[in-house]
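> This is the structure I have questions about; it appears just below.
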Amino acid sequence: SRKIGVLVSGRGSNLQSVLDRIADGYLPLEIAVVISDKADAYALERAEKAGIAAVAIPRKECVSKEEFEGKIDAALRAHGAELVVLAGFMRILSGNFVNKWTQKIINIHPALLPSFPGLDAQGQALEYGVKIAGCTVHFVDEGTDSGPIILQKPVPVLNDDTEESLAARILVEEHKAMPEALRLWALGKLEIQGRRVIVHP
Ligand code: GAR
Numbered sequence: 003s004r005k006i007g008v009l010v011s012g013r014g015s016n017l018q019s020v021l022d023r024i025a026d027g028y029l030p031l032e033i034a035v036v037i038s039d040k041a042d043a044y045a046l047e048r049a050e051k052a053g054i055a056a057v058a059i060p061r062k063e064c065v066s067k068e069e070f071e072g073k074i075d076a077a078l079r080a081h082g083a084e085l086v087v088l089a090g091f092m093r094i095l096s097g098n099f100v101n102k103w104t105q106k107i108i109n110i111h112p113a114l115l116p117s118f119p120g121l122d123a124q125g126q127a128l129e130y131g132v133k134i135a136g137c138t139v140h141f142v143d144e145g146t147d148s149g150p151i152i153l154q155k156p157v158p159v160l161n162d163d164t165e166e167s168l169a170a171r172i173l174v175e176e177h178k179a180m181p182e183a184l185r186l187w188a189l190g191k192l193e194i195q196g197r198r199v200i201v202h203p
């Protein structure tokens with residue numbers, strides 16, 4: 003089955019949702035490597051528990067962004083990854099890196115893009131006062147959270163929501179959205195036509 007590399011920075015609940023859906027047979031994929039920019043990310047422990055190569059590449063140990071991204075690129079290629087999945091990876095990848103993986107990077111973002119790109123998307127949504135929030139899975143281009151959208155899932159914003167309660171409601175949908183998008187990719191159902199992703203039946 004096709005190999006993916008997963009980039010993480012922290013908790014790794016989205017990584018776990020992918021691991022679980024590989025284990026139950028929904029996702030015809032293999033995770034070749036999990037790479038974290040934080041050495042203490044719990045996501046690395048999740049990978050190790052699943053018997054998957056887990057690599058820490060701390061940004062602070064690299065003299066430049068070029069060196070940092072070069073190490074990530076080398077680890078992905080060494081493990082035979084065909085697709086890069088950003089699952090709570092909290093750094094912006096340079097145009098140079100993105101161009102090496104054209105149409106081969108998928109990100110999940112906790113907002114209905116193009117609203118609320120960047121950091122603290124759930125807080126931005128509460129602050130704005132929207133009534134519908136959600137998550138987006140999209141291909142990565144050179145912009146920030148700006149690439150072609152694969153799928154989105156909405157959730158309501160409730161009167162008494164805090165950032166935590168809204169983020170938790172969105173996260174439930176993230177854990178469905180990423181496996182769905184990856185299954186479509188693995189089955190060859192996704193075709194990028196300009197800004198639009200065609201999902202073949
Ligand atoms: C998720 O909500 C993900 O959408 C978000 O970080 C969280 C990671 O949780 N990603 C971003 O905000 C990207 N800019 P996880 O580590 O438990 O998957």
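Numbering (the UniProt record's numbering), first residue to last: 3 to 203. Here a beta-carbon is modelled for each residue, glycine too, at the ideal position from N, C-alpha and C.
Can ILE6 and VAL87 be called in contact, C-beta distance under 8 Å?
A contact, by the Cβ cut-off of 8 Å.
> Mind checking whether ALA77 and VAL57 have CB atoms under 8 Å apart?
Yes. Within cutoff.
> Quickly, what does DSSP pair SER38 with across the bridge? List them, please.
VAL10, ALA58, per the DSSP bridge assignment.
> According to DSSP, LEU119 sits in a beta bridge with which residue or residues?
Per the sequence shown, residue 119 should be read as Pro rather than Leu. The partner list for PRO119 (beta bridge, DSSP) is empty, contrary to what the question assumes.
> State the CB to CB distance for the pair GLN126 and LEU168, rounded to an integer number of angstroms; the pair is presumed to be in contact (CB under 8 Å).
Going by Cβ atoms, the distance from GLN126 to LEU168 rounds to 11 Å, so no, they are not a contact pair.
> By a C-beta neighbour count over all protein chains shown, 10 Å radius and 16 as the cutoff for buried, is LYS48 buried or exposed?
Per the sequence shown, the amino acid found at residue 48 is Arg instead of Lys. So ARG48 counts as buried.
> Ordered along the chain, which non-local residues of its own chain (more than five positions away) have a Cβ less than 7 Å from that of GLY97?
Within the same chain, GLY97 has close Cβ partners GLU144.
> For a quick check, are the C-beta atoms of ILE172 and GLY136 less than 8 Å apart?
Yes; because the gap between Cβ atoms is below 8 Å, this pair is in contact.
> Return the chain-ordered list of same chain residues with a C-beta closer than 7 Å to the C-beta of VAL201, the five sequence neighbours on each side being excluded.
Only LEU186, LYS191, LEU192 meet the Cβ criterion.
> Which residue wins for smallest C-alpha separation from ARG79, given the options TRP103, VAL199, GLU182, ASN161?
Of the listed residues, the one whose Cα sits closest to ARG79 is TRP103.
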